[in-house]
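Numbering (this note's numbering), first residue to last: 262 to 492. Glycine residues also receive a C-beta, built at the ideal position from the N, C-alpha and C atoms. This report refers to the structure that appears directly beneath it.
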Ligand code: C5P
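In C-alpha cells form, the structure reads like this:
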C-alpha cells in the first residue's frame, strides 16, 4: 500500500523565552517590522506543502489573537503545555480528526524565523521514504568539551556531535506515541527526536543551513535581521 505524503506543520509557540529578558515572549518581539512568529509562519506557508499548521499557544497569551494569522484558514490553534513536548502533543491532538497516522509532521520552533523553503524541501525530499524520519542539524566547527562544575572531563569527537535544529519530521502516529510514552512532562525531552530515541529508534540528520537560528538571547534579533537581508 502506498504511504501518505500529506504534510502538516506543528509550531510550539507557548514558551516564555526567559533568556531574552524582554517584556513579552520572544516570538512576539519585533524583527524588521513584523513579530518573530509572523516571519516563522509566513515561511512555513510559503513552502506550499502543508495541509495545515497547528500552533500551540499559551492560555495567558494576549498577543496571538491580535495577529491576522490567528484567523488564517490553514492555521489551527491549540493550547500550550508545561514543556515543549506537551505543547507539541497538544497541537497533534488538535489535528487528530484530519491527520492520518501515516501523515508527515514537521515540528518547527516559533522562534526560528529564518527558515528557508529550500531547507523545508531538502528535509522532505531526503526523508519522505524513510521509516523513522529525522531532523535538520548542523555539524560543529568548534572543539567540544564535556564539562562538570566548570571542570573539563574530556573532549568529544566533533564528527559524532551535531546541533539539532528544526523542522523535525516524523509520522503523526509514531510521533504521538513517542511523546505520550514518557516524553510528556519530561524536561529532558527538548526536541521531538529525543522522544523517538527513548523508544530505541534512530532518527536521521539532514545538514541544514547555519542561518536557521533560534532566537534565544537579545543579540539574536540583530543576527536574524542580518541573515534575512542576506537571504
Ligand atoms: O525555550 P526554547 O527556545 O527551547 O523553546 C523552543 C520552542 O518551544 C519555542 O518556539 C517555544 O515557544 C516553544 N515552547 C512551547 N511550550 C513550552 C516551552 C517552549 O511551545 N512549554
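The ligand C5P heavy atom lying under 7 Å from the CB of residue i
| i | result |
| --- | --- |
| residue 342 | yes |
| residue 455 | no |
| residue 303 | no |
| residue 477 | yes |
| residue 347 | yes |
| residue 370 | yes |
| residue 274 | yes |
| residue 317 | yes |
| residue 278 | yes |
| residue 429 | no |
| residue 492 | no |
| residue 307 | no |
| residue 332 | no |
| residue 494 | Lying before the first or after the last residue shown, residue 494 is absent from the chain, which here runs from 262 to 492. |
Classification of residue i by the beta-carbon crowding that lies within 10 angstroms, buried from 16 upward
| i | result |
| --- | --- |
| residue 216 | Lying before the first or after the last residue shown, residue 216 is absent from the chain, which here runs from 262 to 492. |
| residue 323 | exposed |
| residue 473 | buried |
| residue 382 | exposed |
| residue 417 | exposed |
| residue 467 | buried |
| residue 332 | exposed |
| residue 294 | exposed |
| residue 494 | It is not possible to answer for residue 494, since the shown part of the chain is limited to 262 through 492. |
| residue 395 | buried |
| residue 448 | exposed |
Nearest-angstrom Cα separation, counted from residue j out to residue i
| i | j | result |
| --- | --- | --- |
| residue 328 | residue 298 | 10 Å |
| residue 280 | residue 478 | 6 Å |
| residue 267 | residue 346 | 22 Å |
| residue 462 | residue 393 | 7 Å |
| residue 312 | residue 410 | 47 Å |
| residue 304 | residue 374 | 8 Å |
| residue 385 | residue 460 | 23 Å |
| residue 349 | residue 338 | 12 Å |
| residue 408 | residue 369 | 29 Å |
| residue 434 | residue 325 | 28 Å |
| residue 436 | residue 371 | 19 Å |
| residue 451 | residue 274 | 14 Å |
| residue 310 | residue 414 | 45 Å |
| residue 284 | residue 480 | 16 Å |
Contact test: residue i Cβ vs the ligand HEM heavy atom, cutoff 7 Å
| i | result |
| --- | --- |
| residue 320 | This structure lacks the ligand HEM; the ligands present are the ligand C5P. |
Proximity below 8 Å, CB of residue i to CB of residue j
| i | j | result |
| --- | --- | --- |
| residue 315 | residue 340 | no |
| residue 292 | residue 470 | no |
| residue 428 | residue 457 | no |
| residue 272 | residue 286 | no |
| residue 265 | residue 363 | yes |
| residue 307 | residue 378 | yes |
| residue 400 | residue 365 | no |
| residue 270 | residue 367 | yes |
| residue 301 | residue 376 | yes |
| residue 335 | residue 482 | no |
| residue 430 | residue 484 | no |
Query raised in the report: Which runs of the beta strand (DSSP E), 3 residues or longer, sit entirely within the stretch 320-359?
Result: Listed in chain order, they are 336-340.
Report task. Please specify which runs of the beta strand (DSSP E), each continuous and at least 3 residues long, are wholly inside the stretch 396-443, giving them in chain order. Result -> With a minimum length of 3 residues, the continuous beta strand (DSSP E) runs that stay inside the stretch 396-443 are 405-409, 412-417 and 423-432.
Query raised in the report: Could you give the uninterrupted runs of the beta strand (DSSP E) lying entirely in the stretch 271-300, keeping only those of 3 residues or more?
Result: Listed in chain order, there is nothing to give.
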